[in-house]
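**Student:** Counting in our numbering, the sequence shown runs from 48 upward without gaps. Where is the CB? At the ideal position from N, CA and C, for every residue including glycine. In this text the structure is predicted, and so the values were computed from the model without any measurement.
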Amino acid sequence: MHASYSLAQLTALSFSPPELIDLAARTGYDQAGMRLLPVTPGAVAYSLMDDKPMLRETLARMNDTGVRVFDLELIRLDAQFDVQRYLPFFEVGAQLGAKAVLVAGDDPEQGRMIEHYAQLCDAMQPFGLTADLEFMPWTAVNDLTSALHIVEQADRANAGILVDALHFDRSASRFEDLQRIPAQWLHYVQICDGPALRPATHEGLIHAARCERLLPGEGDIDLARIWRSLPAEVPVSVEIPHDIRVAQVGVEAWARQALAAAKAIIEPL
């Protein structure tokens, strides 16, 4: 049995949730991920909490196509974090049948971030959602070691770590640490590729992550070794934005190429 594949919102950011469901169905994905909250103020996001007609249309497309929603984006743990603000987000997540929520850690005070992360896990549990902490080299959770510590200290049943292949490589996280992640903390992983030359600044890392990812097999990240270190059937989010190439070939063709490239890496293992 092979892993299931989810079309990440960032791979087709211009597609609204109902459009993303249809795109996933046409291009062979089992699931899709949706960005309901912006990554930065004013950035693209689709607030199904406030757009009930779009929520109804999304649910209808899911029913028609059989494509499920797997993960939702994103919640940031900063110094001003207030879990009560996110209750409508959790409620919509439950309506969509989502399983996981991407969580980013931005609080430089680690003790406070651990406390807030535990609060988040507790608040999400009744909605059937996991809180998947993604380590990124420009955030306060800048590598896998940091993520392991936070999740271990929070000690919640629905806590998890999200491994993104690009961030794993760019953060110089260790393969030995991948094997330290308990299987119950790995609810899904993200695949893409990147060149051997890493950006030297946080700005460069952010731009590459959001605008210039490579298809699996095109770059120099040791994806085969990463996947050999993970549970065989962990769900895979195909997150491969590339502004220039998507403009050249179109979103649908790019989504098809991305899925084919991901399978070429994962399924022979």
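Starting from Ala-170, trace the alpha helix (DSSP H) both ways and give me its first and last residue.
**Tutor:** Judged by DSSP secondary structure, Ala-170 falls within the alpha helix (DSSP H) whose first and last residues are 157 to 171.
**Student:** Are the beta-carbon atoms of Glu-156 and Ala-126 separated by less than 8 Å?
**Tutor:** yes
**Student:** Just to confirm the assignment: which complete beta strand (DSSP E) runs, minimum length 3, are found wholly within the region 210 to 271?
**Tutor:** Complete beta strand (DSSP E) runs here, min 3: 236 to 238.
**Student:** Is there contact between the region 281 to 289 and the region 55 to 66, where contact requires at least three CB pairs shorter than 8 Å?
**Tutor:** Counting Cβ pairs under 8 Å, three or more are found: they touch.
**Student:** Assuming Arg-260 and Leu-213 make a contact with CB atoms under 8 Å, what is their CB distance in whole Å?
**Tutor:** 6 Å
**Student:** Can you tell me which of the three DSSP states Gln-78 falls into?
**Tutor:** strand
**Student:** Across which residues does DSSP place Ile-208 in a beta bridge pair?
**Tutor:** Leu-180
**Student:** Kindly indicate which residue of His-234, Glu-66, Gln-131, Glu-265 has the alpha-carbon position closest to the one of Gly-320.
**Tutor:** In the structure as shown, the chain starts at 48 and stops at 316, and residue 320 therefore has no counterpart that could be examined.
**Student:** Where Arg-103 and Phe-222 are concerned, what is the direct C-alpha to C-alpha distance, given to the nearest angstrom?
**Tutor:** 43 Å
**Student:** Can you give me the C-alpha to C-alpha distance between Val-283 and Gln-237, rounded to a whole angstrom?
**Tutor:** 6 Å
**Student:** Within 10 Å of its beta-carbon, does Gln-78 have 16 or more other beta-carbons around it, so buried, or fewer, so exposed?
**Tutor:** Residue environment: Gln-78 is assigned as buried (16 or more neighbouring CB atoms within 10 Å of its CB, all protein chains considered).
**Student:** For Pro-65, which option in Asp-240, Leu-316, Asp-98 has the closest C-alpha, if you only look at C-alpha atoms?
**Tutor:** Asp-98
**Student:** If you drop the 5 nearest sequence neighbours on each side, which residues of the same chain put their C-beta closer than 7 Å to that of Arg-108?
**Tutor:** Taking Arg-108 as the centre and dropping the five residues before and after it, the same chain places the C-beta of Pro-65, Ile-68, Asp-69 closer than 7 Å to its C-beta, in chain order.
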